[in-house]
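Colleague: With numbering that gives the first Met the number 0 applied, the sequence shown corresponds to residues 0 to 328, in that order.
Beta carbons: idealized from backbone N, C-alpha and C, even for Gly.
In this text, all values refer to a predicted model and were calculated from it rather than measured experimentally.
There's a structure below that I have some questions on.
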Amino acid sequence: MKTIKRIGVLTSGGDAPGMNPVIRAIVRTAVAEGISVIGIKRGYAGLINGDVQELKNADVDGLTLKGGTILYTARCDEFLQPEYREKAAKTCKYLGLDGIIAIGGDGTFKGAVELSKLGVQVVGIPATIDNDMGCTEYTLGFDTACNTILDAIDKLRDTGQSHERVSVVEVMGRHAGHLALYSGIAAGATAVLLPEQDVDFEHDVADVIRRGAIRGRRHHIVVIAEGVGHATDYCRRIEEATGIESRVTVLGYIQRGGVPSARDRATGAQMGVRALDIFKEGDESKAVIVKGGVIDDMPLSDTTDMKRALDQTMFESCNRIDTSWYWDK
Ligand code: F6P
């Protein structure tokens with residue numbers, strides 16, 4: 000077992016519920032084992048500028064139930080340039096860090112790989128509401144975001160039902176549809192539109208709504224992943240094609256906030272502990288991942304360019320469930 004004295008932690012990219020519980024787990028575990036933790040602010044920008052603060056137990060009190068990240072986060076364009084990455088690597092040496100834990104999504108992991116090439120040991124922890132990283136079955140924040148979306152759709156259902164409208168709901172996910180599919184099937188949506196699937200508007204949307212209307216359904220929920228296009232355009236087309244009054248709701252950044260769910264807290268806690276163990280076990284830069292439902296790890300350099308495929312079985316199930324039976328009277 001390697002002895003480590005001091006590690007740095009940063010959060011980067013879009014914030015995700017679960018980041019704070021990971022930070023807490025890292026600090027609590029490290030401090031108990033005599034390792035000091037340096038919090039790096041605003042992701043890689045903090046490494047470039049040396050914007051850091053030691054994190055003690057008191058700093059992470061109550062973080063299990065806090066969304067966002069106490070370390071702040073940013074998307075750091077400077078880090079794309081080699082000279083700034085070298086500056087960041089020098090900061091690590093100057094601070095006497097044995098390594099860095101980088102918490103975030105795809106962009107964060109790409110930055111982590113580049114930093115590791117400069118001789119800094121980096122451990123990546125996947126966190127993004129998009130759940131779009133090919134290296135892991137789960138990214139922190141996804142479960143909380145799905146629950147936030149469900150909560151919003153449940154409320155939209157009340158007003159949609161009362162006005163006998165179509166509720167078109169745009170959810171995040173960047174270029175991926177995992178968030179839309181999971182929340183859409185959970186919400187019992189009439190149609191779910193995803194960037195990974197070709198959309199035949201007449202067949203997949205208009206006809207499904209028309210069929211439901213003929214059978215007496217008075218309201219419909221259509222979930223659209225942001226990667227498909229503007230929900231406003233689809234809303235207009237739905238109203239024109241079906242003659243049913245339609246309203247659009249873009250959920251936006253509300254999806255990134257909120258109290259982390261049990262899954263995000265428990266997974267985050269385990270990932271934090273695993274990250275510390277990786278430093279003790281050797282010098283290799285690695286990614287903490289979920290594989291076969293359990294916490295595992297893999298070489299960090301293997302994580303880049305892995306694209307997470309859409310769960311086709313879930314998509315087919317979502318389409319096979321007949322949402323038009325309901326006589327909404
Ligand atoms: O990656 C997380 C995410 O919330 C995406 O779903 C969304 O497309 C993007 O971040 C928004 O990024 P920004 O915070 O830079 O507007």
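Can you check whether the CB of Val165 is closer than 9 angstroms to the CB of Glu225?
Modeller: no
Colleague: What separation, rounded to the nearest whole angstrom, lies between the Cα atoms of Asp321 and Ala144?
Modeller: 25 angstroms
Colleague: What do you reckon, are the CB atoms on Lys290 and Thr135 nearer than 9 angstroms?
Modeller: yes
Colleague: Does DSSP put Glu32 in a helix, in a strand, or in coil?
Modeller: coil
Colleague: Assuming Val249 contacts Val227 under a Cβ cut-off of 8 angstroms, what Cβ separation, rounded to an integer in Å, is found between them?
Modeller: Contact flag wrong, Cβ pair sits at about 13 angstroms.
Colleague: Please report the Cβ distance between Thr70 and Leu9, rounded to the nearest whole angstrom; I am assuming they are in contact, meaning their Cβ atoms lie under 8 angstroms.
Modeller: Before going on, a small fix: residue 70 reads as Leu here, not Thr. With 8 angstroms as the limit, Leu70 and Leu9 qualify as a contact, their Cβ atoms being about 6 angstroms apart.
Colleague: Under the rule that 16 or more other beta-carbon atoms within 10 Å means buried, what is Ala308, buried or exposed?
Modeller: exposed
Colleague: Please report the distance separating the alpha-carbon of Ala179 from that of His229.
Modeller: 14 angstroms
Colleague: Measuring alpha carbon to alpha carbon, tell me which residue in Gly159, Met132, Asp50 is nearest His177.
Modeller: The option with the nearest alpha carbon to His177 is Met132.
Colleague: Taking 8 angstroms as the line, does the beta carbon of Arg255 fall inside it for any heavy atom of the ligand F6P?
Modeller: Relative to the ligand F6P, Arg255 has its C-beta within less than 8 angstroms of a heavy atom.
Colleague: Considering only the beta carbon of each residue, do Gly67 and Asn19 sit closer than 9 angstroms?
Modeller: yes
Colleague: What is the DSSP secondary structure of Pro81, reduced to helix, strand or coil?
Modeller: For Pro81, the secondary structure class from DSSP, reduced to helix, strand or coil, is helix.
Colleague: What did DSSP end up calling Val227 once you bin it into helix, strand or coil?
Modeller: helix
Colleague: Could you spell out where the alpha helix (DSSP H) holding Lys290 opens and where it closes?
Modeller: Counting along the chain, Lys290 falls outside any alpha helix (DSSP H), though it belongs to the beta strand (DSSP E) covering 285 to 290.
Colleague: Under the criterion of a Cβ to heavy atom distance below 8 angstroms, does Thr107 qualify as lining the ligand F6P?
Modeller: no
Colleague: Out of Arg210, Ala101, Gly106, Ile220, which one is the CA nearest neighbour of Gln160?
Modeller: The residue from Arg210, Ala101, Gly106, Ile220 with its alpha-carbon nearest to that of Gln160 is Ile220.
Colleague: Using a 10 Å radius around the Cβ and a threshold of 16 neighbouring Cβ atoms, would you call Gly292 buried or exposed?
Modeller: exposed
Colleague: Does the beta-carbon of Arg217, which I'm using as the reference point, lie nearer than 8 angstroms to any heavy atom of the ligand F6P?
Modeller: no
Colleague: Spatial neighbours of Lys328 within its chain, please: CB distance less than 8 angstroms, with the 5 preceding and 5 following residues excluded, ordered by chain position.
Modeller: Confidence in Lys328 is poor, its pLDDT being 44 and thus under 50, which makes the residue's placement unreliable; the coordinate value appears in the next sentence. Cβ within range, chain order: Gly215, Arg217.
Colleague: How far does the beta strand (DSSP E) with Asp296 in it extend, from its first residue to its last?
Modeller: 293 to 298 is the span of the beta strand (DSSP E), which, as asked, contains Asp296.
Colleague: Determine the contact status of Gly257 and Val21, defining contact as a CB-CB distance below 9 angstroms.
Modeller: no
Colleague: Could you tell me which residues DSSP pairs with Glu169 in its beta bridges?
Modeller: Ile223, Val249
Colleague: What does the Cβ neighbour count give for Arg84, buried or exposed, with the cut at 16 atoms within 10 Å?
Modeller: buried
Colleague: Enumerate, from N- to C-terminal direction, the unbroken beta strand (DSSP E) stretches of 3 or more residues contained entirely within the region 87 to 160.
Modeller: 98 to 103, 121 to 125
Colleague: How many Å lie between Val222 and Thr2 at the Cα?
Modeller: Val222 and Thr2: Cα-Cα distance of roughly 50 angstroms.
Colleague: Please find out if some non-hydrogen atom of the ligand F6P comes closer than 8 angstroms to the beta-carbon of Glu169.
Modeller: Because no heavy atom of the ligand F6P lies under 8 angstroms away, the Cβ of Glu169 does not count as near it: no.
Colleague: Compute the beta-carbon to beta-carbon distance between Ala87 and Leu54, rounded to the nearest angstrom, for a pair I have assumed lies under 8 angstroms.
Modeller: Not confirmed; about 19 angstroms, so no contact.
Colleague: Pull up the distance between the alpha-carbon of Arg273 and that of Met297, whole angstroms please.
Modeller: 12 angstroms
Colleague: Can you find a heavy atom of the ligand F6P that lies under 8 angstroms from the Cβ of Tyr252?
Modeller: yes
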